[in-house]
Amino acid sequence: MSVRPVAALLMLAVPAAASAIVIRHDVPDARYRADASVFPALADMPGSGHGVLIAPQWVVTAAHTIQGKVDCVTIGGVDRVVERVIIHRGYRSLPDELVKRAYASGSAEEAMAFLAQNDDIALLRLAQPVTDIAPARIHGSGRTVGKTVRLIGKGATGTGETGVATGSPERGPLRQGFNTVMTDEGRWLIYDFTRGPRAHRLEAMTGNGDSGGPVLVRDGKGWAVAGLASWKGGTFDLNLPSSRYGFTSVNVRLARYAGWIAEVQKGTAAR
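Each number in this note's numbering corresponds to the 1-based position in the sequence shown with 27 added.
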């Protein structure tokens, strides 16, 4: 049996074929469509998945988007050569044995427990500084619980009633949506996909192929990157489509890794 459903559920699929951001069932898709100008610092990883330009020569992404050798990323429609990839020493890919046990049991509980202890973050050093696009700022250590966050990506789409649509490609039109932070502690920044009166008028959550994309929060200086799309929870049942109402989106909390990012950029991080 293919391991693809497990990977899709956990948002850890090998980058493959796109559209993006899973949306409300009662709001037209056109309301979610966005132009590249809404977030120029978005980087497209090869195939699918994203990263964010955070300094002229540095892109941050989720470690699981690194599939094989990464020679370049696309920022502002221009291919940028990657000189070096640095994956956090605390990152481990999901073992095949866990995937097999998930299928044998019909539950992803063990796999999700594994992911919850992971450091799913990597940095890419570009061969040349990006001079035509301003880097995004990383949000500081201030709490974000209860705040509205903005999601941006080109991954697979669908609605909260159906989840990610079957066959939806993982690299397509840019979309943006919004949500509200439930948890921001330790490694993770978490929100859930809500329906009804408590939902944002453009409520959304990430879809397959949005991995590594930004979760933005507004501070006194504008929008800053608080997290990176990593994996999805909300059910352990592998037979259900992901990104439906009630699912949670688990995102790398960048405030936790600010020191590591600074060390890597200075060349002092432990290998």
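Every residue, glycine too, gets a C-beta built ideally from N, C-alpha and C. In this text, all values refer to a predicted model and were calculated from it rather than measured experimentally.
Asked	Found
Distance, V109 Cα to V291 Cα	15 Å
V79 versus A285: straight-line alpha-carbon distance, rounded	14 Å
Beta strand (DSSP E) runs wholly inside the region 74-138, at least 3 long, in chain order	77-82, 85-88, 99-102, 105-114
Beta-bridge pairing of F60 - partner residues as DSSP gives them	For the record, residue 60 in the displayed sequence is Arg; it is not Phe. Paired residue(s): R202.
Those residues which DSSP pairs with Y218 across a bridge	V208, S276
Backbone CA spacing between W287 and L255 [nearest angstrom]	15 Å
CB of G172 within 8 Å of CB of T210, strictly	In the sequence under discussion, the amino acid at residue 172 is Val, which differs from the Gly named in the question. Contact flag set, yes.
Three-state class that DSSP yields for L142 in the structure shown	helix
Distance between beta carbons of G199 and S270, contact taken as under 8 Å	About 15 Å separates the two Cβ atoms, so there is no contact after all.
G183: first and last residue of the uninterrupted beta strand (DSSP E) it sits in	Here the sequence assigns Ala to residue 183, which means Gly is not the residue at that position. Note, A183: premise wrong, no beta strand (DSSP E); not H, not E.
Within 8 Å, strictly: CB atoms of V277 and K259	yes
Rounded Cβ spacing between G236 and G182 (contact assumed at less than 8 Å)	3 Å
Reduced DSSP category for E290 - H, G, I as helix; E, B as strand; rest coil	helix
Cβ contact check for the region 147-157 and the region 83-94: 3 or more pairs under 8 Å	yes
L281 in three-state terms, based on DSSP	helix
Three-state secondary structure assigned by DSSP to V65	helix
Close Cβ partners of R164 (< 6 Å) along its chain, the five nearest in sequence each way excluded	A251
Where L229 sits in the DSSP three-state scheme	coil
Endpoints, the beta strand (DSSP E) within which P156 is located	From DSSP, P156 is part of no beta strand (DSSP E); its letter is neither H nor E.
Residues of its chain near G273, where Cβ-Cβ distance is below 6 Å and the 5 sequence neighbours each way are ignored	G261
Assigned secondary structure, A70 (DSSP; H/G/I helix, E/B strand, else coil)	strand
DSSP three-state assignment for G236, whether helix, strand or coil	coil
Rounded C-alpha distance that separates K127 from R119	17 Å
Pair within 8 Å by beta-carbon distance, G76 and S195	no
Residues near F66 in its chain [Cβ-Cβ closer than 6 Å; skip 5 each side]	I179
Coarse secondary structure for I50, derived from DSSP in three states	strand
Enclosing beta strand (DSSP E) for P241 [first to last residue]	241-246
Through-space distance from R177 to A282, alpha-carbon basis	17 Å
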